[in-house]
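If you're matching positions, the sequence shown starts at 1 in UniProt numbering and goes up one per residue.
Where is the CB? At the ideal position from N, CA and C, for every residue including glycine.
What you are looking at is a predicted structure, and each value in this text was computed from that prediction instead of being measured.
Worksheet: the structure to be examined is printed underneath.
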Amino acid sequence: MSSDFYTSSILPYSGIIIKICRAYTDSQEDFEDYYQEVCLQIWRSKDNFRGDSKWSTWIYRLSLNICLTLVKKKRKTHQYYNTENIIQNELTEDKTVFSDEDLSLLYEAIKQLSEVDRAVILLYLEEKPNKEIAEIIGTTPNNIGVRISRIKERLKKILNGKIN
1 MSSDFYTSSI LPYSGIIIKI CRAYTDSQED FEDYYQEVCL QIWRSKDNFR
51 GDSKWSTWIY RLSLNICLTL VKKKRKTHQY YNTENIIQNE LTEDKTVFSD
101 EDLSLLYEAI KQLSEVDRAV ILLYLEEKPN KEIAEIIGTT PNNIGVRISR
151 IKERLKKILN GKIN
């Protein structure tokens, strides 16, 4: 990957990539692997960008798809082990990966949502309009509006009592 491409086409959107990778990982090591894989796939797929949407929308969509694929691969790999103890140990060890406690609590709550709902709320938190979220997710803007309301209620219930 050329440094020019990274500097001009990936780095300005690194916040998007970081938020998505963070929402789908539980450890710093996984986060770094996911981030690197997303950047690599953006570079590999750059010639497939047709310009039907904004570059940022394409980055979101690609980042989400890559993270979801990596999550599924990880699940398949963990099915061959007694994953309950392994995952619990990883979560206990890596709870302090991100420093801001309230933000960490929010991400823990977001991780309890379905994969699609995680994507929707991350895009909402990025202040993307419902139309753009719908385009990325593959649904209608009205559906996104309803989903966001339900997700907010679910997050309130999850966070109730965890943040003062």
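- Taking a C-beta distance under 7 Å as the contact criterion, Ile66 and Glu32 do not qualify as a contact pair.
- Of the candidates Lys131, Pro129, Val116, the residue whose Cα lies closest to the Cα of Ser63 is Val116.
- Rounded to whole angstroms, Asn130 and Ile148 show a C-alpha spacing of 9 Å.
- In this structure, Ser56 and Ile16 form a Cβ contact; the two beta carbons are roughly 7 Å apart against a cut-off of 8 Å.
- Ala109 is a Cβ neighbour of Leu155, given a cutoff of 7 Å.
- Note on geometry: alpha-carbon atoms of Ile144 and Gln28 lie some 30 Å from one another.
- Pairing Ile59 with Tyr13 gives a Cβ-Cβ distance under 7 Å.
- In this structure Ile158 touches Gln112 by the C-beta definition: roughly 6 Å separates them, less than 8 Å.
- A Cβ-Cβ contact shorter than 7 Å links Leu122 with Ala23.
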